[in-house]
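Each number in our numbering corresponds to the 1-based position in the sequence shown with 9 added. C-beta: ideal position from N, C-alpha, C; glycine also. Because the structure is a prediction, the values reported are computed rather than measured. Worksheet: one structure, shown below.
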Amino acid sequence: MIRLKNIKKSFGKQMVLKGIDLTVEKGEVVVILGPSGSGKTTLLRCINFLERADSGAITIGDLSVDCHRATKKEILALRRKTAMVFQHYNLFKHKTVLENVMEGLVVVQKWPVERAKERSLQILEKVGLSQQIDMYPSQLSGGQQQRVGIARALALNPEVILFDEPTSALDPELVGEVLSVIQKIAREGITMIVVTHEMGFARDISDHVVFMDNGVVVEEGKPNEIFHAPKEERTKQFLKRIT
Ligand code: ADP
């Protein structure tokens, strides 16, 4: 379903990704853990070409691209297979909740407005925001804003949703509502790659866990293996610090 092969990325002289390989099966939820600065966000951003990796290859479904050589057309095609949920929501401030969710369908996917509206309303109901459809982001709590971000990603019906620390900007009391929405959609079998520091959530939601440090995958495996019987010293130290 998704395959990353030897992804490398440097910023100036700093090599942030040092050859990442990763395979994600259809319907699988993969959680990426690791200390701050280990390259997790950069890896997500390379998957949808918000950053272009210096080398390596990315396959999503039936499309494979060479990161270094990818054409604009290939990049657009690959992007359409993904949707991203950002740490800071990245909503359009001057659009309502409903308009935020419809935007990608109407502008990018060229859906007729009425059909886009119908689908957006269904998805907003799923994330518990039927009462807020005409509100603006500034009128919402952080948790509600992030649920709009999730609805917007879901609306696009992507092959994979990339979550970049979706709860790290939230007040602690708002984290739960966002995690439970993510959990609900995970149960529907949507393929997800999730960067998070929420260990309990990571354990509950993941089918596969990847531990990254300093630009490399140090260890990966089933959640039970990684959380209860990590093999690598760096993984052990990280889990000891964070839990
Ligand atoms: P993580 O998500 O694991 O915290 P990041 O991928 O955000 O790690 O960052 C990895 C390293 O890359 C950090 O040292 C960060 O400062 C650096 N970095 C990330 N984005 C950029 C950028 N656009 N320009 C320069 N350095 C960057």
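Among residues of its own chain, excluding the 5 on either side of residue i, which ones have a beta-carbon nearer than 8 Å to its beta-carbon?
i, result
"Gln99", "In the sequence on display, residue 99 carries Asn and not Gln. The answer, listed in chain order, is Gly158."
"Asn15", "Gly28, Ile29, Asp30, Ser64, Gly65 and Ala66"
"Leu72", "Glu83, Ala86, Leu87 and Lys90"
"Met24", "Lys17, Lys18 and Gly224"
Should residue i go down as buried or exposed, given a rule of 16 or more other Cβ atoms within 10 Å for buried?
i, result
"Ala92", "buried"
"Val226", "buried"
"Gln246", "exposed"
"Ser47", "buried"
"Arg78", "exposed"
"Lys22", "exposed"
"Val38", "buried"
"Arg61", "exposed"
How many whole angstroms separate the CB atoms of residue i and residue j, which I take to be in contact at a CB cut-off of 8 Å?
i, j, result
"Lys197", "Thr176", "Sequence check: residue 197 is Glu here, not Lys. About 20 Å; that fails the 8 Å criterion."
"Ile191", "Val169", "In fact, because the Cβ distance is near 14 Å, the residues do not count as touching under 8 Å."
"Leu179", "Gln148", "Wrong, their Cβ atoms sit about 17 Å apart, outside the cutoff."
"Phe183", "Gly152", "According to the sequence shown, residue 183 is Leu rather than Phe. That belief holds up - the Cβ atoms of Leu183 and Gly152 are roughly 3 Å apart, short of 8 Å."
Can you list, in chain order, the residues of its chain whose CB lies under 6 Å from that of residue i, leaving out five sequence neighbours each side?
i, result
"Pro232", "Arg212, Ser215 and Val218"
"Leu8", "As displayed, the chain neither begins before 10 nor continues past 252, which places residue 8 out of reach and without an answer."
"Glu186", "Gly152"
Candidates the options: which alpha carbon is nearest residue i's?
i, options, result
"Phe172", "Leu42, Lys35, Glu112 and Gln23", "Leu42"
"Asp143", "Glu127, Leu107, Asn166 and Ser129", "Leu107"
"Gly209", "Glu112, Gly36 and Ser189", "Ser189"
"Ala160", "Pro181, Tyr145 and Arg128", "Arg128"
What does a CB cutoff of less than 7 Å around residue i pick up in its chain, not counting 5 residues either side in sequence?
i, result
"Phe95", "Gly158 and Asp173"
"Thr244", "Phe220, Val227, Glu228 and Ile235"
"Ser150", "Leu183"
Please determine if the segment 46 to 62 and the segment 130 to 137 are in contact, where contact requires at least 3 C-beta pairs separated by less than 8 Å.
Result no; under three Cβ-Cβ pairs closer than 8 Å.
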